[in-house]
Amino acid sequence: MEASVAIQVLPKAENDKELCRIVDEVIAYIASTGYTYYVGPCETAIEGPYDELMDIVKECQKIAIKAGAPSVASYVKITYKPEGEVLTIDQKIGKYHK
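My numbering puts the sequence shown at residues 30 to 127.
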């Protein structure tokens, strides 16, 4: 695994219920990709090949708009190591969730 991405999608929404509904659709999309992911309280982490993860990040914006957000902002953190492995989600937080 050469990359790990953390994405926080912040759609514009009329209220918190609508915001959560849109974010849930984005998370459902991430889950559908088949890559390992972890949903945290402020962001979702995904691990896999760099190019595929960048496509997922791009698609997350489109999913939020299709779900009804008039606009969306996202914060993205990327760890990339083309020659080797990055730390996995489990290596980073597994000891806290067992």
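Beta carbons are placed, not taken as given, at the ideal position from N, Cα and C, and that holds for glycine.
Note that the structure is a prediction, hence the values are computed from the model and not measured.
Worksheet item: In terms of alpha-carbon separation, which member of Pro70, Ser61 and Lys110 lies closest to cysteine 89?
Response: In the sequence shown, the residue the question calls residue 89 occupies position 60. The option with the nearest alpha carbon to cysteine 89 is Ser61.
Item to complete: Assign serine 61 to one of three DSSP states: helix, strand, or coil.
Response: The residue labelled residue 61 in the question sits at position 32 within the sequence shown. Helix.
Worksheet entry | Bridge-paired residues (DSSP) for valine 68 | Translated into positions along the sequence shown, residue 68 becomes position 39. Paired residues: Thr73.
Practice prompt. For glutamine 37, I'd like the list of residues in its chain whose CB is within less than 7 Å of its CB, leaving aside the five on either flank, ordered along the chain.
Written response: Looking up residue 37 in the sequence shown gives position 8. If we look at glutamine 37 and ignore the five residues flanking it on each side, its Cβ neighbours are Cys71, Glu72, Ser103 and Tyr104.
Discussion item. Between Leu48, His126 and Ile122, which has its C-alpha nearest glycine 97's C-alpha?
Written reply: Within the sequence shown, numbered from 1, the residue matching residue 97 stands at position 68. Cα-wise, what sits closest to glycine 97 is Leu48.
Worksheet item: Between the beta-carbon of tyrosine 67 and the beta-carbon of alanine 74, is there less than 8 Å?
Response: By one-based count along the sequence shown, residue 67 stands at place 38. By one-based count along the sequence shown, residue 74 stands at place 45. Cβ atoms of tyrosine 67 and alanine 74: closer than 8 Å.
Fill in: Other residues of its chain near serine 33: CB distance less than 6 Å, five sequence neighbours each side excluded
Residue 33 sits at position 4 when you count from the first residue of the sequence shown. Result list for serine 33: Glu76, Thr108 and Val115, in chain order.
Worksheet item: How far does the beta strand (DSSP E) with leucine 116 in it reach, from first residue to last?
Response: Mapped onto the sequence shown, residue 116 falls at position 87. First-last for leucine 116: undefined, no H or E at that position.
Item to complete: For cysteine 71, decide whether its Cβ has a neighbour in chain C, counting only Cβ atoms nearer than 8 Å.
Response: Any reference to chain C falls outside this structure, which holds one protein chain only.
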